[in-house]
Amino acid sequence: MNKAFVSIILSLFLTASGFSQQLLGTCGSSLEDNLLIKQRMLENRAEWQGKLIQRGGAPSYVPVRYWLVARADGTGRLPFKNVIDNLCALNKIYASLNMVFYLKETVNWDNQFVFDDPTSTLGQAYINQKMQTNKNAINIFTANVANASDLGVLAFYRPQGDYVVSNKLYVSSNGTTLAHELGHYFSLAHTFFGWENDKYDELTMNCSKPTPILIGGGFLVEYVDRKKPGTNPSKKNCQEAADGFCDTPADYNLGLGFQGPGCVYTGCAKDPDNVKLDPDELNLMSYFLNCIKQFSTEQGDAIVKDYVSSGRNYLRNPVYTPKPEITDQVNYNYPNANTAPLGYDTVYFDWDDVPNADRYIFEIAENTGFNINAKVFVLNHSDTVLTNLKKSKSHYWRVTPFNQNSFCVVPKAVAFVTPSWTVASDNLEIEGVRSFVTQISEEHPNLIIQSNQSQIISLQIIDANGKIVEFKKLSIVNGENNIPLPKLNPGFHLYRILDKMQRSNSGKFIIQ
418 MNKAFVSIIL SLFLTASGFS QQLLGTCGSS LEDNLLIKQR MLENRAEWQG
468 KLIQRGGAPS YVPVRYWLVA RADGTGRLPF KNVIDNLCAL NKIYASLNMV
518 FYLKETVNWD NQFVFDDPTS TLGQAYINQK MQTNKNAINI FTANVANASD
568 LGVLAFYRPQ GDYVVSNKLY VSSNGTTLAH ELGHYFSLAH TFFGWENDKY
618 DELTMNCSKP TPILIGGGFL VEYVDRKKPG TNPSKKNCQE AADGFCDTPA
668 DYNLGLGFQG PGCVYTGCAK DPDNVKLDPD ELNLMSYFLN CIKQFSTEQG
718 DAIVKDYVSS GRNYLRNPVY TPKPEITDQV NYNYPNANTA PLGYDTVYFD
768 WDDVPNADRY IFEIAENTGF NINAKVFVLN HSDTVLTNLK KSKSHYWRVT
818 PFNQNSFCVV PKAVAFVTPS WTVASDNLEI EGVRSFVTQI SEEHPNLIIQ
868 SNQSQIISLQ IIDANGKIVE FKKLSIVNGE NNIPLPKLNP GFHLYRILDK
918 MQRSNSGKFI IQ
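Just so we're aligned, residue 418 is where the sequence shown starts under the numbering used here, counting upward by one.
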């Protein structure tokens, strides 16, 4: 297949509010791909000619599966947090169509061929193999690049296999790249269909030659005039040419490499009638990549018609029962700036359950950008314990609650500083009793015993040589008991408490 796309590198620019990514590149769906996509749109249009689509007021919930592809050794995989951010962005874009994408599942897939080049012979073969048994959702494959032979390709939809592939950099909180590809998935061709393999400025010698009436090997060129007749007496030119929609202005791929200023095309392009073009820079199916944000009314109608078509039955069956939206922010309990951890080597994190959330993304790092010694976990409970943090170090943590169809709570970050002392807690056998040692100074440890009842226990402190250096009976009360321990020599120690049933809790700690 001829894919003579122009590769354009990515660039970063500095704005007044900080760094943001400027999208420069192309969609890897070729001229031939777009022809197949447009044909499906025209078939849907014919099928629904004169009919009304019966749709209730409830949103349509659409299943999506993300394949998080990594190298053969499991490295390089897209972080799960990016999936959540991307779904939030996609749902905002598609909200005007009353469509909600829900997360069917994510699949961690270690495949070197797909990771390195999804368009290679082996890469495509492996993807097609997965597609044979996973045709119950929109399948999005995220890889290191979308096309190794053309690094300017950000993502593409392959109609022959009915799947989407994206460079992992573009699965993010900027949802426009995948919104474009899902537009293809739902039967939308490029607004400039026919111009994928040609550049207007080169073809017309920078507007010094007339615009041809055929392009791309025989496709009709679209005119500015929305009433201009087509080749079929019953059709208008805008219904036949380009993407086939009359509410998307003529566009000869004028957004390719467009960098502004602003989002207004000021070039010299004219149609074959010598009428100056005024493309829609905001249309998601164009290449004005830093401007795109919406579909036209006719495009939206085409998306809905494709969604309700018989070929997309698998998206609607079985019927999905949505979960309520998550609207509450996370209430963090500890640690925080005012409540330091009990020690640096065992830190307990706790936050309140968030209504309607069934999972949480827990992130911790040593900077507010969450990219220095960062750790990320997906949890189904509202607490966790980390045992490998650095002592005397500032840390930042945040929690993102989500469920299968609600992804848009923006987490706030909480800061705390780890102490320089250790805490130990293990081998807990006494029912209803939690115990651990914390050091409020380098020399003087405290034993913390949290009990659900008052009782008498025995305490032993044992040094590294196995010698019992402390033994006594303790009367503890219901709640938290803070028991100062005697001054001990530096080194390793073990504490042990026993209840009347001779069940024990024990733990290790170090005097520095």
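We put the beta carbon where it would ideally sit given N, CA and C, even for glycine.
Item	Value
Contained beta strand (DSSP E) runs [length at least 3] in the stretch 876-906, N- to C-terminal order	885-893, 896-901
Stretch-stretch touch, CB-based, cutoff 8 Å, three pairs: the stretch 657-673 with the stretch 452-469	yes
Inter-residue Cα distance where the pair is N922 and S811	31 Å
Option nearest A563 by Cα separation, candidates L595, Q549, S590, A554	L595
Rounded distance between the beta-carbons of G633 and E613, thought under 8 Å	7 Å
C-alpha distance - I914 paired with E848, whole-angstrom precision	12 Å
Whole-number beta carbon distance between N528 and Y543, since they are thought to touch under 8 Å	6 Å
Distance, N499 Cα to Q438 Cα	Bear in mind that a pLDDT of 49 at Q438, under 50, signals an unreliable position, so the number given afterwards is only what the model happens to contain. Taking the straight line joining both Cα atoms gives about 15 Å.
DSSP beta-bridge partners of T785	T785 is not bridged to any residue.
Contact set for N797: own chain, Cβ-Cβ below 8 Å, skip 5 residues either direction	D775, R776, Y777
C-beta atoms of V747 and T817 nearer than 9 Å	yes
Alpha helix (DSSP H) runs wholly inside the stretch 593-641, at least 4 long, in chain order	593-602, 617-620
Beta-bridge partners of W814, as assigned by DSSP	I781, V831
Closest residue to K829 among F787, L803, P862 (Cα-Cα distance)	F787
9 Å Cβ cutoff met for T683 and E715	no
K645 beta carbon less than 9 Å from that of I690	Looking at the sequence provided, one finds Asp at residue 690 rather than Ile. Contact flag set, yes.
Rounded separation between E698 and H597 - CA only	14 Å
Reduced DSSP category for Q438 - H, G, I as helix; E, B as strand; rest coil	Low local confidence applies: a pLDDT of 49 at Q438 is under 50, so the model's placement there is unreliable, and no value is given.
Cutoff 9 Å: P650 Cβ touching any chain D Cβ	Structure shown: chain D not included; a single protein chain is present.
Bridge partners - L864, DSSP secondary structure assignment	V854, I900
Endpoints, beta strand (DSSP E) assigned at M702	First-last for M702: undefined, no H or E at that position.
Sequence-distant residues of the same chain with beta carbon closer than 6 Å to V886, five excluded per side	I878, D880
DSSP bridge partner residues for A560 (one or two, in chain order)	N584
Local conformation of E932 per DSSP, three classes	Given a span of 418 to 929 for the chain in the structure shown, any question on residue 932 remains unanswerable.
Alpha carbon of N730 to alpha carbon of V570, nearest angstrom	30 Å
Reference Y580; option with closest CA among I789, R482, V854	R482
Nearest residue (CA-CA) to L520, options T835, W526, K740, P650	K740
Cα-Cα separation between L452 and N623, rounded to whole angstroms	27 Å
Among I893, N820, V736, S823, nearest to A554 - alpha-carbon criterion	V736
Span of the beta strand (DSSP E), counted from its first residue to its last, around M458	Segment 448-464 is the alpha helix (DSSP H) holding M458; no beta strand (DSSP E) there.
Inter-residue CB distance, V771 and I743 (contact presumed, cutoff 8 Å)	6 Å
G924 - partner residues in DSSP beta bridges	Y912
Inter-residue Cα distance where the pair is S447 and P576	10 Å
Contacting residues, own chain, Cβ-Cβ under 7 Å from N899 (five flanking each side not counted)	N863, I865
Rounded C-alpha distance that separates R733 from K509	21 Å
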